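K.L.:
Going by my numbering, the sequence shown opens with residue 1267, and the numbers climb by one from there. Right, I'll just put the structure down here and ask away after.
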Amino acid sequence: MRLLAFTKRHRETPGENKRLERWRGQHQEVIEHVQERHRELFGDDEDEADEDLINEEMLEDVDYLPRGEYNVPEILNETFLDLDQIAEFLNELRQFEREHDDKLKSLVTLLKSDPVLSRHKVLIFSEFADTTRYLKQQLTKAGISGIDQVDSDTKRDRAEIIRCFSPYYNASSSADLAAQGFTETRVLISTDVLSEGLNLQDAARMINYDLHWNPVRLMQRIGRVDRRLNPETEARVVADHPDQRDIRGTVIYWNFLPPDELDELLRLYTRVAHKTLRISKTFGIERQKLLRPDDDYEDLKNFNHAYEGDTTPVEEMHLELQQLLRDHPDLEARLNALPGRVFSGKEHPTAGARAVFFCFALPAADHAAARDAESGELPWTEEAGRTAWYLYDIASGSILEDATEIVRLIRSQPDTPRQCKVEQPTLAEIRAKVERHVKNTYLKQVQAPVGVKPSLKAWMELS
């Protein structure tokens, strides 16, 4: 729909108008199918369904591209090619029914056959809001009761949803819910909107319906149920629900991994497993199992020899910072008082070499914040993103992004003399190149909206 909104927003010539109407006529069945599925998942009133599919809010959300600055006709050509591909894909999907969904069938079988999952609370995570709505719809049809669903677009009171699923760890109980007319939730399906900072320990079982590419997110999901238990609260749970006595204090979770045939294309498991190794070794995941039950992390001990307890270069950097803050108690306050884009310079450790170091704050979509009332989009904030280091080598024009390599070049002492030799025009040109690099790598990778930019926090020449 966003692509259609873009074409509708930028059509200006009679030929472009005719082309859009012709495309819509050729794919009317697909458009009607999308509208029908949208109503099923989002609960829109059929009488209020937008007959033209693209409403005014969507059009207003499209950033207008001036034809004097952009080759809009060529962009429209590419957009129509994309629309053709999407229409072809949707035509294939129209033939897909629930009975064809092996992954869904596996989930239904698991929820019905497992002696704990069939009777007790379980938290199901998916990265995608549409998937959570689909699961609620299909699991309800499969006869599974006590289901609720939440994502970032859910309009109901989120605190109420959480309390209905995990009353005891949110200052309530099953009896309190019943007295107030609420139905207690047994199966809660959620996006990562609930993956951090909430108490959901009433549940002792969790399912990752899809494998998030970021292992930190996986651990945050697990941490919703695998948290410190309160003895008094546990006593209340067992007193009210004696059948839970044997499962309290033990957390079990399942991961739905890509089938081998698909993983050959995605390589998702391999990428996440390698990232997970670093984190699990550092923070001590119990029994070092995170993705598969038979994961043998000792077979991957070449990663920084973590099994011997060696600290990684990144850990050493954090330890070095902590030591600096301890040695200089006023340092943190002084750093916080510095202006943005602070600049300095020092001698390059290698004679004759010249480089420029940059520290950027890279924004990300803030899933913990409220969506914009008009656009419905999440805000992009630095707090939700990360910090990145870049080192531009003046001689080769290459850009290094490995902070563990950069740190040895920029490391300084309190008495390190300031040295600035690079001309201002050269510095400005280098900065522009690095900012373009950030835009073409990170911002494109995360599909940042127009107007979202990295924030330069500090830079330093090495000459």
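All residues carry an ideal CB built from backbone N, CA and C; glycine is no exception. Everything numeric in this text was worked out from a predicted model, so none of it was measured.
If we call anything under 9 angstroms between Cβ atoms a contact, is ALA1469 one with PHE1431?
P.N.:
Locating residue 1469 in the sequence shown gives position 203, counting from the first residue. Locating residue 1431 in the sequence shown gives position 165, counting from the first residue. Yes; because the gap between Cβ atoms is below 9 angstroms, this pair is in contact.
K.L.:
By the 10 Å Cβ neighbour count, where 16 or more other Cβ atoms means buried, how is LEU1628 classified, buried or exposed?
P.N.:
Start at 1 with the first residue of the sequence shown, and residue 1628 comes out as number 362. LEU1628 comes out buried.
K.L.:
Measure the beta-carbon distance from LEU1383 to LEU1454 and round it to whole angstroms, keeping in mind my assumption that it falls under 8 angstroms.
P.N.:
What you label residue 1383 is simply residue 117 of the sequence shown in a count that begins at 1. What you label residue 1454 is simply residue 188 of the sequence shown in a count that begins at 1. That pair is no contact at about 13 angstroms.
K.L.:
Give me, in chain order, the residues of the same chain whose beta-carbon lies closer than 7 angstroms to that of TRP1289; leave out the 5 immediate sequence neighbours on both sides.
P.N.:
Position 23 of the sequence shown, counting from 1, holds the residue named residue 1289. The answer, listed in chain order, is PHE1346, LEU1349.
K.L.:
Roughly how far, in whole angstroms, is the beta-carbon of MET1726 from the beta-carbon of PHE1623, given that I think they are within contact range, below 8 angstroms?
P.N.:
Against the sequence shown, residue 1726 aligns to sequence position 460. Against the sequence shown, residue 1623 aligns to sequence position 357. So it is a contact: roughly 5 angstroms between Cβ atoms.
K.L.:
Looking at the structure shown, is GLY1281 part of a helix, part of a strand, or coil, going by DSSP?
P.N.:
The residue you call residue 1281 lines up with position 15 of the sequence shown. Helix.
K.L.:
Identify the residues that DSSP records as bridge partners of GLN1415: which are they?
P.N.:
Counting from 1 along the sequence shown, the entry for residue 1415 is found at position 149. Answer by DSSP bridge pairing, in chain order: ILE1455.
K.L.:
Considering Cα atoms alone, identify which of SER1678, PRO1715, TYR1656 is closest to HIS1703.
P.N.:
Mapped onto the sequence shown, residue 1703 falls at position 437. With distances taken between Cα atoms, HIS1703 lies closest to TYR1656.
K.L.:
For the region 1705-1717 against the region 1600-1619, are there 3 or more C-beta pairs whose distance is under 8 angstroms?
P.N.:
No contact exists between the region 1705-1717 and the region 1600-1619.
K.L.:
Scan the region 1323-1411 and note each continuous beta strand (DSSP E) run of 3 residues or more that stays entirely inside, going in chain order.
P.N.:
Runs of the beta strand (DSSP E) inside the region 1323-1411: 1388-1391.
K.L.:
With DSSP as the reference, label ILE1672 as helix, strand or coil.
P.N.:
Within the sequence shown, the letter at position 406 stands for residue 1672. If DSSP states are grouped into helix, strand and coil, ILE1672 belongs with the helices.
K.L.:
Do three or more CB pairs link the region 1402-1409 to the region 1482-1490 at distances below 8 angstroms?
P.N.:
Not touching, per the Cβ criterion.
K.L.:
Taking all protein chains shown into account, do 16 or more other C-beta atoms lie within 10 angstroms of the C-beta of SER1210, making it buried, or fewer, making it exposed?
P.N.:
With the chain represented from 1267 up to 1729, any question about residue 1210 goes unanswered, as that position is not in the structure.
K.L.:
Which partner residues of CYS1625 appear in the DSSP bridge assignment?
P.N.:
Position 359 of the sequence shown, counting from 1, holds the residue named residue 1625. Answer by DSSP bridge pairing, in chain order: TRP1655, ALA1724.
K.L.:
Could you check how far apart the C-beta atoms of ILE1297 and HIS1386 are, in whole angstroms? I think they sit under 8 angstroms.
P.N.:
Stepping through the sequence shown from its first residue, residue 1297 is reached at position 31. Stepping through the sequence shown from its first residue, residue 1386 is reached at position 120. At roughly 43 angstroms, the Cβ-Cβ gap does not stay under 8 angstroms, so ILE1297 and HIS1386 are not in contact.
K.L.:
Which residue from VAL1300, ARG1285, GLN1292, PRO1280 puts its Cα closest to that of MET1267?
P.N.:
Here the question's residue 1267 lines up with position 1 in the sequence shown. Out of VAL1300, ARG1285, GLN1292, PRO1280, VAL1300 has the C-alpha closest to the C-alpha of MET1267.
K.L.:
Excluding five sequence neighbours on each side, which residues of the same chain lie with their C-beta closer than 8 angstroms to the C-beta of SER1418?
P.N.:
One-based indexing of the sequence shown puts residue 1418 at position 152. Excluding residues within five positions, the ones whose Cβ falls inside 8 angstroms are ALA1395, THR1457, VAL1459, HIS1633, ARG1637, LEU1644.
K.L.:
When you compare only the Cα positions, how much space is there between SER1392 and ALA1698?
P.N.:
Counting from 1 along the sequence shown, the entry for residue 1392 is found at position 126. Counting from 1 along the sequence shown, the entry for residue 1698 is found at position 432. Approximately 39 angstroms between the Cα atoms of the pair.
K.L.:
Is the region 1325-1341 close to the region 1269-1277, with three or more CB pairs under 8 angstroms?
P.N.:
Judged by Cβ distances under 8 angstroms, the region 1325-1341 makes contact with the region 1269-1277, as three or more pairs qualify.
K.L.:
What first and last residue would you give for the beta strand (DSSP E) that runs through ILE1696?
P.N.:
Here residue 1696 corresponds to residue number 430 of the sequence shown, with the count starting at 1. Segment 1690-1704 is the alpha helix (DSSP H) holding ILE1696; no beta strand (DSSP E) there.
K.L.:
Could you pull the start and end residues of the alpha helix (DSSP H) that ARG1502 belongs to?
P.N.:
As a first step, residue 1502 is located in the sequence shown; it is residue number 236 there, counting from the start. Start and end: 1497-1506.
K.L.:
Does DSSP classify ALA1630 as helix, strand or coil?
P.N.:
Within the sequence shown, numbered from 1, the residue matching residue 1630 stands at position 364. Reduced to three states, the DSSP call for ALA1630 is strand.
K.L.:
Is SER1610 helix, strand or coil when you go by DSSP?
P.N.:
The count along the sequence shown starts at 1 and reaches residue 1610 at position 344. DSSP places SER1610 in strand when its eight states are reduced to three.
K.L.:
Counting C-beta neighbours from all protein chains within 10 Å, is the total for ASP1414 16 or more, i.e. buried, or is it exposed?
P.N.:
Numbered from 1 along the sequence shown, position 148 holds the residue referred to as residue 1414. Under this definition ASP1414 is a buried residue.
K.L.:
Note down the Cα distance separating LEU1376 from GLU1302, rounded to an integer number of angstroms.
P.N.:
Taking the first residue of the sequence shown as 1, we reach residue 1376 at position 110. Taking the first residue of the sequence shown as 1, we reach residue 1302 at position 36. Looking at the two C-alpha atoms, the distance is approximately 30 angstroms.
K.L.:
Just to confirm, are GLN1467 and LEU1495 a CB contact at a threshold of 9 angstroms?
P.N.:
Counting from 1 along the sequence shown, the entry for residue 1467 is found at position 201. Counting from 1 along the sequence shown, the entry for residue 1495 is found at position 229. Yes.
K.L.:
Please state the DSSP three-state secondary structure of GLU1640.
P.N.:
As a first step, residue 1640 is located in the sequence shown; it is residue number 374 there, counting from the start. Looking at GLU1640 - three-state DSSP - the assignment turns out to be coil, as it is neither helix nor strand.
K.L.:
Quick one: Cα of GLY1291 to Cα of PRO1433, how far?
P.N.:
The sequence position of residue 1291 within the sequence shown is 25, counting from 1. The sequence position of residue 1433 within the sequence shown is 167, counting from 1. Answer to the nearest angstrom: the Cα atoms are 52 angstroms apart.
K.L.:
Residues in the same chain with beta-carbon distance under 7 angstroms from ALA1631, minus the five sequence neighbours each way, listed in chain order, please.
P.N.:
On the sequence shown, residue 1631 is found 365 positions in, with the first residue counted as 1. The residues are LEU1644, TRP1646, ALA1650.
K.L.:
Assuming ILE1427 is part of the alpha helix (DSSP H), what are its boundary residues?
P.N.:
Taking the sequence shown and counting its residues from 1, the one referred to as residue 1427 is at position 161. 1424-1431 is the extent of the alpha helix (DSSP H) around ILE1427.
K.L.:
Measure the alpha-carbon distance for TYR1239 versus ASN1521 and round it to whole angstroms.
P.N.:
Here the chain covers residues 1267 to 1729 and nothing more, so residue 1239 does not appear.
K.L.:
So ALA1621 and LEU1728 are in contact, right, with Cβ under 8 angstroms, and what is the actual spacing, rounded?
P.N.:
The residue given as residue 1621 occupies position 355 in the sequence shown. The residue given as residue 1728 occupies position 462 in the sequence shown. The Cβ separation is near 5 angstroms, so the contact holds.
K.L.:
Which value, in whole angstroms, describes the spacing of the CA atoms of LEU1591 and CYS1686?
P.N.:
Numbered from 1 along the sequence shown, position 325 holds the residue referred to as residue 1591. Numbered from 1 along the sequence shown, position 420 holds the residue referred to as residue 1686. LEU1591 and CYS1686: Cα-Cα distance of roughly 27 angstroms.
K.L.:
Rounded to whole angstroms, what's the CA-CA distance from GLY1369 to TYR1519? Just pull it up for me.
P.N.:
The residue given as residue 1369 occupies position 103 in the sequence shown. The residue given as residue 1519 occupies position 253 in the sequence shown. The residue asked about is misnamed: residue 1369 is Lys in this sequence, not Gly. Straight-line Cα distance between these residues: approximately 16 angstroms.
K.L.:
Among the residues of its own chain, which have a CB less than 8 angstroms from the CB of LEU1331, if the five just before and after it don't count?
P.N.:
What you label residue 1331 is simply residue 65 of the sequence shown in a count that begins at 1. Excluding positions up to five away in sequence, the list reads HIS1276, VAL1338, ILE1341.
K.L.:
For the putative contact between LYS1612 and ARG1674, defined by C-beta atoms under 8 angstroms, what is the C-beta separation to the nearest angstrom?
P.N.:
Residue numbering aside, residue 1612 sits at position 346 when the sequence shown is read from its first letter. Residue numbering aside, residue 1674 sits at position 408 when the sequence shown is read from its first letter. The pair is not a contact, with the Cβ atoms about 13 angstroms apart (cut-off 8 angstroms).
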